[in-house]
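Q: Here it is, the structure in full.
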Amino acid sequence: MAIEQLKKVLEIIKSQPVGGGGGGKPTVERMRAGMEKVAERVASDVKCEPVDAGGVKAEWIVPPNAANDRVILYLHGGGYVMGSINTHRAMVARIARASQARALALDYRLAPENPFPAAVDDATAAYRWLLAQGYKPNKLVIAGDSAGGGLVLAALVALKDAKVALPACAVPISPWTDMEGTGASMKANAEKDPMVAPSGSNGGLFNMAKAYVGNADPKNPLASPLHADYRGLPPLLIQVGGTETLLDDSTRVAEKAKAVGVKVDLEVWDEMIHVWHVFAKLLPEGQQAIDRIGQYVLQHTA
């Protein structure tokens, strides 16, 4: 493991709190602005084109090696209250390049203005739009990180229930799957995880959960995919860091899905933080994890 690079990443996180610093309770506006401020620029050889995907704002992110028929629908993280195409463009471009695929990044509606199930509705609408454009399910992948990772699972379940043809595979990265935060790792890793805390300078996971769930039941399987029925879902590659507060959100989903016959590759990356992939420019393990995603996507969409 690249200890020095990881230390540098941790220093960057501490020096640039998403909540904006300056004391006081972080507002949604400050958190969104803080996340946008630290967005990495995309590589110059990647083509980016805005598009309306079934009524949802989206963007094609296309590296030069992309196959025209292989598409990753990407759902960004940000606790369902922040994040955008812009904040994740560089990371999505890296995943698309490793996967030799076109990526469709989605700006799904955010809470608290648009609480659950708006994000699920937008994700499923965009997937249906891809099918309507002529893309084949066996060449489609749904991927996402953090809240977007949970949204990947929720979208799959919603599409399955609607009897829509499912993608070849899916890739939840550090997924948030339990709006009630009942996993043991929430406490066990609270002092180790600089990215996601139950409460604190980043707005607090529980506050974000309240904003997203609104008046719905937090155990609703489309809000908390931990409680979903995974029978009939496509193969899943779940990547999670060993020091994450959300570690158990991944391990419990993997156990449930495997128990009903879903092919699950669960990768727990030792000492890695929440969505370490976003630091791929600095952290070798970030690019290694992205390369692994690329291998998985190519394997399942060949």
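Per this note's numbering, the sequence shown runs over residues 2 to 303.
Note that CB positions come from ideal geometry on N, CA and C, so glycine has one too.
1. Can you find at least 3 beta carbon pairs, one from the stretch 115 to 135 and one from the stretch 183 to 195, that sit closer than 8 Å?
2. How is the alpha helix (DSSP H) around Lys58 delimited, first residue to last?
3. Return yes when the Cβ of Val197 is within less than 8 Å of the Cβ of Thr246, no when it is not.
4. Using DSSP's beta-bridge definition, name the partner residues of Trp270.
5. Apply the 10 Å Cβ neighbour rule to Asn66 and answer buried if 16 or more other Cβ atoms are within range, or exposed otherwise.
6. May I have the straight-line CA-CA distance separating Glu268 from Ser45, to the nearest angstrom?
7. If you reduce the DSSP assignment to three classes, tell me which class Leu76 lands in.
8. Could you work out which residue in Ser100, Ala99, Ala124 is closest to Tyr109 when comparing CA atoms only?
9. Does any residue of chain C bring its CB to less than 8 Å from the CB of Ala169?
10. Distance check for Ile86 and Glu286, CA to CA, integer angstroms please.
11. At the level of alpha carbons, what is the spacing between Ala106 and Lys193?
12. Taking three-plus beta-carbon pairs below 8 Å as touching, is the stretch 86 to 96 in contact with the stretch 154 to 163?
13. Assuming Met209 and Tyr81 form a contact by the criterion Cβ under 8 Å, report the distance between their Cβ atoms to the nearest whole angstrom.
14. Taking 8 Å as the cut-off, decide whether the C-beta atoms of Leu1 and Gln6 are in contact.
15. Ignoring anything shorter than 4 residues or poking outside the stretch 160 to 245, list the alpha helix (DSSP H) runs there in chain order.
16. Between Leu131 and Val72, how many whole angstroms is the CB-CB distance? I'm expecting something under 8 Å.
17. Residues bridged to Glu50 by DSSP?
18. Whole beta strand (DSSP E) runs in the stretch 105 to 156 with 3 or more residues, listed along the chain?
19. Quick check: the Cα distance between Arg232 and Leu223, rounded to an integer number of angstroms?
20. Nearest to Ile96 by alpha carbon, out of Arg293, Thr302, Leu152?
A: In short, the structure shows the following:
1. no
2. On the sequence shown, residue 58 is found 57 positions in, with the first residue counted as 1. Not the alpha helix (DSSP H): Lys58 falls in the beta strand (DSSP E), residues 58 to 63.
3. As a working note, residue 246 is residue 245 in the sequence shown. As a working note, residue 197 is residue 196 in the sequence shown. In contact: Thr246 and Val197 (Cβ atoms closer than 8 Å).
4. Numbered from its first residue, the sequence shown carries residue 270 at position 269. Looking at the DSSP assignment, Trp270 forms a beta bridge with Gly242.
5. Walking along the sequence shown from the start, residue 66 turns up at place 65. By the neighbour-count rule (16 or more Cβ atoms within 10 Å), Asn66 is not buried but exposed.
6. The count along the sequence shown starts at 1 and reaches residue 268 at position 267. The count along the sequence shown starts at 1 and reaches residue 45 at position 44. Approximately 31 Å between the Cα atoms of the pair.
7. Taking the sequence shown and counting its residues from 1, one reaches residue 76 at position 75. Strand.
8. Along the sequence shown, one-based indexing puts residue 109 at 108. That would be Ala124, whose Cα lies nearest to the Cα of Tyr109.
9. You won't find chain C in this structure, because it holds only one protein chain.
10. As a working note, residue 286 is residue 285 in the sequence shown. As a working note, residue 86 is residue 85 in the sequence shown. Each residue's Cα considered, the two are about 23 Å apart.
11. By one-based count along the sequence shown, residue 106 stands at place 105. By one-based count along the sequence shown, residue 193 stands at place 192. Approximately 30 Å, taken between the alpha carbons.
12. no
13. Residue numbering aside, residue 209 sits at position 208 when the sequence shown is read from its first letter. Residue numbering aside, residue 81 sits at position 80 when the sequence shown is read from its first letter. Yes, Met209 and Tyr81 are in contact; Cβ-Cβ is about 6 Å, under 8 Å.
14. In this structure the chain extends from 2 to 303, so residue 1 is not present and cannot be described.
15. 186 to 189, 206 to 214
16. Here residue 131 is taken as the residue at index 130 of the sequence shown, counted from 1. Here residue 72 is taken as the residue at index 71 of the sequence shown, counted from 1. So it is a contact: roughly 6 Å between Cβ atoms.
17. Within the sequence shown, residue 50 is the residue found at index 49, counting from 1. Trp61, per the DSSP bridge assignment.
18. 141 to 146
19. Walking along the sequence shown from the start, residue 232 turns up at place 231. Walking along the sequence shown from the start, residue 223 turns up at place 222. Straight-line Cα distance between these residues: approximately 15 Å.
20. Position 95 of the sequence shown, counting from 1, holds the residue named residue 96. Here the closest residue by C-alpha is Arg293.
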